[in-house]
Amino acid sequence: MNGVETLVITGVLTDACVESSARPAAERGFQVVVVDDACAAWEEGFHAASLSALSRYFARIATTGEVVAGVERAAGDAGRR
0 MNGVETLVIT GVLTDACVES SARPAAERGF QVVVVDDACA AWEEGFHAAS LSALSRYFAR
60 IATTGEVVAG VERAAGDAGR R
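In numbering that gives the first Met the number 0, the protein residues as written are 0 to 80.
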């Protein structure tokens, strides 16, 4: 897959667009990260339920801060190689 292993997904309508992107990505072998505080739904309950379902089988749920820290760590590791 052109060296891409991980997809970071954000967006509007966690329970529709985000979830319908995350599930097939995981099924195709990507590591999927859904950014909790960079997604939304019409109702908080829909958002929470969707994240809960995704976290069971399809994605790791992270905050923006956690994703940024991970990218910075990866960039630092790549620079030391």
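No residue lacks a Cβ here, since even glycine has one placed at the ideal position from N, Cα and C.
Separation of residue j from residue i, as counted between CA atoms
i	j	result
I60	V34	6 angstroms
Y56	I8	15 angstroms
A52	D76	32 angstroms
T5	S49	20 angstroms
E71	E65	10 angstroms
E43	T63	18 angstroms
Rounded Cβ spacing between residue i and residue j (contact assumed at less than 8 angstroms)
i	j	result
A24	V31	5 angstroms
Residues bridged to residue i [DSSP beta-bridge criterion]
i	result
L50	L50 is not bridged to any residue.
L6	V31
C38	G10
A61	V34
Proximal residues to residue i (C-beta, below 8 angstroms), its chain only, five neighbours per side dropped
i	result
F45	T13, D14
Spatial neighbours of residue i in its chain, beta-carbon cut-off 7 angstroms, leaving aside the 5 residues before and after
i	result
R22	F57
E18	S49, L53
Exercise for the section: Decide if the stretch 9-25 is in contact with the stretch 36-49; the criterion is three or more beta carbon pairs, one per stretch, under 8 angstroms apart. Expected result: Contact between the stretch 9-25 and the stretch 36-49 is present, because at least three Cβ pairs lie under 8 angstroms.
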